[in-house]
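K.L.:
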């Protein structure tokens, strides 16, 4: 059962902009990445972002930018968290900035410098205006919302953008397609016994090459990714079902109780039984 849901999803506009007013369930949201640039603006809740091997706290009403193809995961404390999630296609914006692929935006609340703070505050105020527009539900809202996002992007590029030297990197679409294929396959088969050879066979490549390919793209091993995915589903089952913990463990692909408990506590800071007791109360 998938307990995540979105409010008022919109398709990408002709400018490659997609706005989601999103509610995330409590628990761990597994490692993933997008081809698009992502703006994340929490409206409430307590969210931890794991990105590039570092953990960041996301305070409410503070913007965080996640670069395209930057692997990340989130840990939501409590039952749920609401946020504005905006995806912007760099490819679509090349008509304005032909070399936009050379820019990397680094904007995380924990690392805002003093000289950036004024610009950062202005960008966050733009995100607040988006929230107010959402409540209006008038025909011109989409047009005005995209104008605000483009203005925010211009500020981000000016104050938080780092331009690389040289030619724009090759997007390597084949690599992207292969990783997407594996992530989709893992979501369908995470509860089954899975070996690295099984996954490599899906791509018709060697086990060793697959291991290098996945770690290069995602920053972690496939086994680490699979464990996180399984734990996420187990956590949701503990929250929303009365299935016995031993059955939750087996249902989600774990065969060793001790290892399951240790992995669960390492990620969530508590044991499966503590989650279940907390929910019963």
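In the numbering used here, the protein residues as written are 112 to 392.
The beta carbon of each residue, even a glycine, is placed where N, CA and C say it ideally should be.
Please read all numbers here as calculations on a predicted model, not as lab measurements.
If you run the structure through DSSP and keep just helix, strand and coil, what is residue 298?
P.N.:
Look at residue 298 here: in three-state DSSP terms it is helix.
K.L.:
Drop a sphere of 10 angstroms on the beta-carbon of residue 340, count the other beta-carbons inside from all chains shown, and report buried for 16 or more, exposed for fewer.
P.N.:
buried
K.L.:
According to DSSP, is residue 239 part of a helix, a strand, or is it coil?
P.N.:
helix
K.L.:
Alpha carbon to alpha carbon, how far is residue 272 from residue 215? Give it in angstroms, no decimals.
P.N.:
6 Å
K.L.:
If you count every other CB in all the chains shown that lies within 10 Å of the CB of residue 344, and 16 or more means buried, which is it?
P.N.:
buried
K.L.:
Exposed or buried, what is residue 165 when buried is set at 16 or more other beta-carbons lying within 10 Å of its beta-carbon?
P.N.:
For residue 165, the number of other beta carbons within 10 angstroms of its own is below 16, and it is reported as exposed.
K.L.:
What residue does the alpha helix (DSSP H) around residue 158 start on, and which one ends it?
P.N.:
From DSSP, residue 158 is part of no alpha helix (DSSP H) but of the beta strand (DSSP E) over 157-162.
K.L.:
How many angstroms separate the CA atom of residue 265 from the CA atom of residue 167?
P.N.:
24 Å
K.L.:
Can you find at least 3 beta carbon pairs, one from the stretch 241-256 and one from the stretch 290-302, that sit closer than 8 Å?
P.N.:
The stretch 241-256, when compared against the stretch 290-302, does not touch it at the 8 Å Cβ threshold.
K.L.:
Does DSSP put residue 194 in a helix, in a strand, or in coil?
P.N.:
strand
K.L.:
Can you tell me whether DSSP reads residue 323 as helix, strand or coil?
P.N.:
helix
K.L.:
Grouping DSSP H, G and I as helix and E and B as strand, with all else coil, what is residue 274?
P.N.:
Here residue 274 sits in strand by DSSP.
K.L.:
Bridge partners of residue 357, per DSSP?
P.N.:
Under DSSP, residue 357 forms no beta bridge with any residue.
K.L.:
Would you kindly check if the distance between the Cβ of residue 210 and the Cβ of residue 188 is under 8 Å?
P.N.:
no
K.L.:
How many angstroms separate the CA atom of residue 251 from the CA atom of residue 126?
P.N.:
16 Å
K.L.:
Considering only C-alpha positions, which residue in the set 159, 375, 206 is nearest to residue 186?
P.N.:
Nearest C-alpha to residue 186: 159.
K.L.:
With distances taken Cα to Cα, identify the nearest neighbour of residue 190 among 138, 336, 362.
P.N.:
138
K.L.:
Per DSSP, residue 184 forms a beta bridge with which residues?
P.N.:
161
K.L.:
What's the call for residue 192, buried or exposed, on a 16-neighbour Cβ count within 10 Å?
P.N.:
Residue 192 should be labelled buried.
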